[in-house]
Amino acid sequence: MKFRHFKWIYAQLFLASVGFVHYARKFWPWSDRTPGIEQFKRNYFSESFLPCTQELRAIAHEPGRCTTCGQCDFACPENLSPMRSLLKPERALREMASCTNCHACEQACPQRIPILRYVHLASKTFHPGASWRTTTGS
Numbered sequence: 004m005k006f007r008h009f010k011w012i013y014a015q016l017f018l019a020s021v022g023f024v025h026y027a028r029k030f031w032p033w034s035d036r037t038p039g040i041e042q043f044k045r046n047y048f049s050e051s052f053l054p055c056t057q058e059l060r061a062i063a064h065e066p067g068r069c070t071t072c073g074q075c076d077f078a079c080p081e082n083l084s085p086m087r088s089l090l091k092p093e094r095a096l097r098e099m100a101s102c103t104n105c106h107a108c109e110q111a112c113p114q115r116i117p118i119l120r121y122v123h124l125a126s127k128t129f130h131p132g133a134s135w136r137t138t139t140g141s
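First residue of the sequence shown: 4, per our numbering; consecutive thereafter.
And the structure:
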């Protein structure tokens, strides 16, 4: 009984110290200070708060309509998995590099999700310097 309370107190102290260190790093006065938005980016980009363009925001709801039926996977002549790129846009550029832009995945999709347009915009957001040879077809 005595040791159970010790474990609980130890767990609480550990969690408190982890939380303290997390926020102390962000506000440590002797760290390399960068003013304004650069400081914000350095602090929070590691927590997956990525910038979102108006164009990407307009179609950001599209992946939620996907029913994971796999029709886009079967329709792709390159045997790519557009579905995976749709749900993991940070990997879209690497995985969709051999895409032929035939739009077979979009035509096979029962939900009519603009897969290539979404992947192209996500690639521009997550990999701004890289180029992907798609045309959005809009």
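We put the beta carbon where it would ideally sit given N, CA and C, even for glycine.
All values reported here derive from a predicted model rather than from experimental measurement.
Item: Terminal residues of the continuous alpha helix (DSSP H) containing L90?; Value: 85-90
Item: Cα separation between V24 and C112?; Value: 47 Å
Item: What's the C-alpha gap between E41 and E65?; Value: 30 Å
Item: Excluding the 5 residues preceding and the 5 following F77 in the sequence, name in chain order all residues of the same chain whose CB lies nearer than 8 Å to its CB.; Value: A111
Item: Under the rule that 16 or more other beta-carbon atoms within 10 Å means buried, what is V122, buried or exposed?; Value: buried
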